[in-house]
Amino acid sequence: MLRRFTQVDVFAAAPYRGNPLAVVVDGDGLDTAEMQRFARWTNLSETTFLLPPTTPEADYRVRIFTPDAELPFAGHPTLGSCHAWLESGGEPRTPGLIVQECGAGLVRVAATDDGLAFEAPPLIRSGPVEEELLDRIVASLGITREDVVDAEWADNGPGWVGLLLADAEAVLALRPGTVPHDVGVAGPYPEGAPCAFEVRAFFPSQSATVEDPVTGSLNAALAQWLLRTGRARAPYVAAQGTVLGREGRVHVSLGSGEDVWAGGNVITCVTGRVEL
Numbered sequence: 004m005l006r007r008f009t010q011v012d013v014f015a016a017a018p019y020r021g022n023p024l025a026v027v028v029d030g031d032g033l034d035t036a037e038m039q040r041f042a043r044w045t046n047l048s049e050t051t052f053l054l055p056p057t058t059p060e061a062d063y064r065v066r067i068f069t070p071d072a073e074l075p076f077a078g079h080p081t082l083g084s085c086h087a088w089l090e091s092g093g094e095p096r097t098p099g100l101i102v103q104e105c106g107a108g109l110v111r112v113a114a115t116d117d118g119l120a121f122e123a124p125p126l127i128r129s130g131p132v133e134e135e136l137l138d139r140i141v142a143s144l145g146i147t148r149e150d151v152v153d154a155e156w157a158d159n160g161p162g163w164v165g166l167l168l169a170d171a172e173a174v175l176a177l178r179p180g181t182v183p184h185d186v187g188v189a190g191p192y193p194e195g196a197p198c199a200f201e202v203r204a205f206f207p208s209q210s211a212t213v214e215d216p217v218t219g220s221l222n223a224a225l226a227q228w229l230l231r232t233g234r235a236r237a238p239y240v241a242a243q244g245t246v247l248g249r250e251g252r253v254h255v256s257l258g259s260g261e262d263v264w265a266g267g268n269v270i271t272c273v274t275g276r277v278e279l
């Protein structure tokens, strides 16, 4: 069966500078094995499938797959899927506010001047990182404990451990070995720079380290930590993907209830139909 398909670039300052996402717009009727097989074939960090919602509060439902497993939530697949849903003719029940249903529950997505933004899900784990794990992470990054300004769990699903370094230059200089855990590292740019932080995301995969180009879930989690501790002021823009030749830009803002929103630009790069 031919199904509508699109590939988008998320958090992109310009086409092919952000984080790509494959979206099967007509995902209804596919089973889990078929979805996983296609996600493995696309070989992107995530592939999503749009489906009718199962709850009246939601505008659509999405299933999110890496090449290896299904995820309950992820940031750039949320924004990219919402963009594809709107572009395919989706109309939200509430103008300007889209409600996505995913494995983690309902996620609100809003249209902003900086593109689409999602409301950051609550952290399921925060607080200090165990000393033994932190020592292993620091060693894998090729730095010392003295180089770490602060470290904390910033887990909103993927399990991120957040590290704050002295500055963006220190973040850009990292050349990690094999990390033992999903790690997000941030460092501030000087006051008045176009971006407030440089962010990098590392995770282990088959005894190697993978760096994600631009990571919505991590930036949302880091924002909750950095804003709470007074190390950041909203609104701000984070840069990510610089070392990989990307120009990811994540816009962080606060809602009326002091809730954190993370968003950015989404660009359609490929459209067509796929046989599934």
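Residues in the sequence shown are numbered consecutively from 4, following this note's numbering. The C-beta atom is built at its ideal place from N, Cα and C for all residues, glycine as well. On a predicted model such as this, the values are computed, not experimentally measured, just so you know.
The beta-carbon separation of Leu144 and Ala154, rounded to 11 Å, does not stay under the 8 Å limit for a contact.
Ranked by how close their Cα comes to the Cα of His86, the residues Gly162, Ala25, Ala237 and Arg148 have Ala25 in first place. Judged by DSSP secondary structure, Cys85 falls within the alpha helix (DSSP H) whose first and last residues are Gly78 to Glu90. Rounded to the nearest whole angstrom, the C-alpha separation of Ser48 and Pro216 is 9 Å. Between the C-alpha atoms of Ala173 and Gly30 there is a straight-line separation of about 43 Å. The C-beta of Ala15 has 16 or more other C-beta atoms within 10 Å across all chains shown, which makes the residue buried. The three-state reading of DSSP puts Val174 in helix, counting H, G and I together.
Taken through DSSP and simplified to helix, strand or coil, Asp116 comes out as coil. Distance from the CA of Val132 to the CA of Val164, rounded to the nearest whole angstrom, comes to 7 Å.
In terms of Cβ geometry, Val202 and Leu221 form a close pair [threshold 8 Å].
Each of Pro80, Pro75, Met4 and Val27 was checked against the Cα of Ala265, and the nearest Cα belongs to Pro80. The straight-line gap separating the alpha-carbon atoms of Ala224 and Asn159 is approximately 6 Å. Per DSSP, the beta-bridge partners of Thr97 are Leu100. Within the same chain, Cβ atoms closer than 7 Å to the Cβ of Pro191 are found at Asp170, Ala171, Ala199 and Phe200, the five residues on either side in sequence being excluded. Scanning its chain for C-beta atoms nearer than 8 Å, with the 5 sequence neighbours on each side dropped, one finds around Asp262 the residues Glu122 and Ala123, in chain order. Beta bridge pairing from DSSP links Gly275 with Phe8.
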